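Working notes, beginning with the structure itself.
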């Protein structure tokens, strides 16, 4: 099943292009369709939160954007350029690794299980990308990393290995590590789900700070409804591999239009 | 140097015969190892610390010294005391004891993989120790032990050539004899290699399948 | 002959043999590490030709006997114009054989590094080569050290086979002394003890120390 690629622009142009655009994106594992014809724009500087029941495909959205999952159809645009496609002979074809790496450098990600490198200290974790990938001088990378560790409140643990840090501390280092690459888009994939309840606040506070202080575009998957409501510019409710409803948080949480959204919110609020 | 097919066919019957002897040596040695290995592991689980420690050290000793040397030891030590063991007997003893040490470790791993709660549950229904082993522990310890046991079955087969040094007429011995007689080593040694591959690869495959089958059969994942 | 006198007479030869065994062991270990790393990585390559080549190598060396490989390398390879002296043939054969087993350990350890580590490395935009070198291999190294501890003992035991192509190692000396004295218990017993001490009190503690210090280095201890 080949797709007609001529329907997709080679790049997005104009003054008001979104930072991220999913256009007709499909994802399936064999016969199982995870995402069906996803269309979603995220504007520069916008904070979009994705909520929904497990298995609704919300994490897949972030993983596709980070190129951790391949897509089976459609095109993802980042900052106007296609992420996993490139122009050849006037149409889009699958991109080569160099192109993907260039676009991917605009994206950073934090994971549910932190995924810090266990053989490196907190500081080394943050410096790894800037030194090895961006080729920054060590001194500059260290300054940049220390600044970020300061921001997440982990400067005093700079020389600790991840095994010595609590979950909340590890996640804060992971945020610093991602920011050290100076991404334009940050992805947060259930970053509080693996944490003990009493340390969730450490991490959400850092994310709050980012929303206030930076002009980052952010996409977040979370189960923390209260946090999503406080912090998001827009909330998307996913159901069965598609966006069921999206709106400003106050509208979606207080006045959901769709029945499935109501059911989901009721179930979540009850269990809390 | 060219491969001589006519000669290959001429010497092939001797190799087929020797393959049978190799399989016998491997099978006999393995039979000893399976039983003796069980003795060695159970002896390490008695309440007597001194017994446990001694058996443990014997197992370590056997595992950390070369089989070739053990083969020589068993074969030559008898005559010094007036006991003459045939090459076959000493060969089977040496290889059987060597692999018993390895198998005892496999069994141990299997037994230790059974959760402590199983012992406690057996105790809670007042089962005696021997019955607990027979009915509860060993059936659960077996599936995780199968791949290790299978690996050592293939391992013992591949180690039988070491018995050639004391005159057991298995494959390697035959290849040496044929080669020396004709001053040609290309065909004999290559044939031995091919025969080993032809037997050990399918066996390894079958063992994996068997392990999967047992796990399914027992409802374990 | 009392044992003390026996040692006085033959101790020197045991020592000389042990020295050769140590050298063979060290060289074979180096060869096997190189083989294991290259073939383990090739086995995981996405290039089908590279992957198949590594798989065939590993299966052939694991599917046949070390003794067959040793004789093949020493007696048959010269027919194809590759002549190795017996000393070199010895450690090369042991190293290539054990390296095939090591390659599987390398592969297993790389696969045992959590998937999240690959993803995190990708998320900071590392190239595949950087990912392997900076993130995956250091962690895989620590994971595979314990099984390498066992393999290194196997390498040491494997070097005993080089005696059969007349490398004058410990095994070889023991056989010579046995032939001239017929004091088999003393001769082979002494050799067994030397191998045992070497494995149990030198190699194993060294590997444990190595494991611990590496684990500490990556902050796992």
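Residue numbers (this note's numbering), protein chains in the order written: chain U, 50 to 321; chain V, 891 to 1111; chain F, 59 to 279. Ideal Cβ positions, reconstructed from N, Cα and C, are used throughout, including at glycine. Bear in mind that the values here come from a model prediction, so they are computed numbers and not experimental data.
query: Using the rule of at least 16 other Cβ atoms within 10 Å of the residue's Cβ for burial, across every protein chain shown, is residue 270 of chain U buried or exposed?; result: buried
query: Tell me which residues share the same chain as residue 61 of chain F and place their Cβ nearer than 7 Å to its Cβ, disregarding the 5 neighbours each side in the sequence.; result: 244
query: Pop quiz: residue 187 of chain F and residue 168 of chain F are said to be a contact at Cβ under 8 Å. What is the actual Cβ separation, rounded to whole angstroms?; result: Going by Cβ atoms, the distance from residue 187 of chain F to residue 168 of chain F rounds to 14 Å, so no, they are not a contact pair.
query: Find out if the Cβ-Cβ distance for the pair residue 1091 of chain V, residue 1042 of chain V is shorter than 7 Å.; result: no
query: Cβ atoms of residue 148 of chain F and residue 94 of chain F: under 7 Å apart, would you say?; result: no
query: Would a check of beta-carbon distances place residue 183 of chain F closer than 7 Å to chain U?; result: yes
query: What residue range does the beta strand (DSSP E) around residue 157 of chain U cover?; result: 156–159
query: In angstroms with no decimal places, state the Cα-to-Cα distance between residue 1051 of chain V and residue 161 of chain F.; result: 24 Å
query: Please state whether the Cβ-Cβ distance between residue 83 of chain F and residue 248 of chain F is less than 7 Å.; result: no
query: Is it buried or exposed for residue 106 of chain F, if we count other Cβ within 10 angstroms and need 16 for buried?; result: exposed
query: Have a look at the DSSP bridge pairing and note the partners of residue 89 of chain U.; result: U:71
query: For residue 1018 of chain V, does the count of other Cβ atoms within 10 angstroms reach 16, so buried, or fall short, so exposed?; result: exposed
query: Tell me whether the stretch 176–194 of chain F and the stretch 146–166 of chain U touch, counting them as touching only if at least three CB pairs, one residue from each stretch, are closer than 8 Å.; result: yes
query: What does the Cβ neighbour count give for residue 59 of chain F, buried or exposed, with the cut at 16 atoms within 10 Å?; result: exposed
query: Using 8 Å for Cβ pairs, my map puts residue 101 of chain U next to residue 313 of chain U. What's the rounded Cβ distance?; result: 7 Å
query: Tell me, please, which residues DSSP counts as bridged to residue 126 of chain U.; result: U:70, U:131
query: Would you verify that the beta carbon of residue 956 of chain V is, or is not, closer than 7 Å to some beta carbon of chain F?; result: yes
query: Does DSSP classify residue 293 of chain U as helix, strand or coil?; result: strand
query: When DSSP labels each residue in this structure, what does residue 137 of chain U get in the three-state scheme?; result: strand
query: Taking residue 89 of chain U as the reference, which of U:98, U:95, U:103, U:72 has the closest Cα?; result: U:72
query: Starting from residue 117 of chain U, find everything on chain C with Cβ-Cβ shorter than 7 Å and list it in chain order.; result: Protein chains U, V and F are contained in the structure displayed, whereas chain C is not.
query: Residue 279 of chain F: buried (16+ other C-beta within 10 angstroms of its C-beta) or exposed?; result: Because the pLDDT at residue 279 of chain F is just 45, under 50, the model does not fix this residue reliably, and the value given afterwards should be weighed accordingly. With fewer than 16 Cβ atoms within 10 Å of its Cβ, residue 279 of chain F is classed as exposed.
query: Can residue 982 of chain V and residue 919 of chain V be called in contact, C-beta distance under 7 Å?; result: yes
query: Is there a C-beta anywhere in chain F that falls below 7 Å from the one on residue 166 of chain U?; result: yes
query: Return the residues of the stretch 196–209 of chain F that lie within a Cβ-Cβ distance of less than 8 Å from chain U, sorted by chain order.; result: 196, 197, 200
query: Would residue 229 of chain F count as contacting chain V if we go by Cβ distances under 7 Å?; result: yes
query: Between the beta-carbon of residue 282 of chain F and the beta-carbon of residue 134 of chain F, is there less than 7 Å?; result: In the structure displayed, chain F extends from 59 to 279; residue 282 of chain F sits before or after that span and is not available.
query: Look at the alpha carbon of residue 155 of chain F and the alpha carbon of residue 946 of chain V, and state the distance between them as a whole number of angstroms.; result: 29 Å
query: Check whether the Cβ atoms of residue 287 of chain U and residue 106 of chain U sit closer than 7 Å, and answer yes or no.; result: yes
query: Given a cut-off of 7 Å on the beta-carbon distance, is the pair residue 962 of chain V and residue 268 of chain F in contact?; result: no
query: Strictly under 7 Å for the Cβ-Cβ distance: is residue 69 of chain U near chain F by that measure?; result: no
query: Please state if the CB of residue 141 of chain U and the CB of residue 78 of chain U are separated by a distance shorter than 7 Å.; result: no
query: My output table needs one value for residue 267 of chain U: the three-state DSSP class, helix, strand or coil.; result: strand
query: Return the residue from the list U:61, U:268, U:135, U:54 that minimises the CA-CA distance to residue 233 of chain U.; result: U:268
query: Please determine, among U:174, U:245, U:251, U:86, the residue with the shortest C-alpha to C-alpha distance to residue 207 of chain U.; result: U:174
query: By how many angstroms is the C-alpha of residue 952 of chain V removed from the C-alpha of residue 65 of chain F?; result: 23 Å
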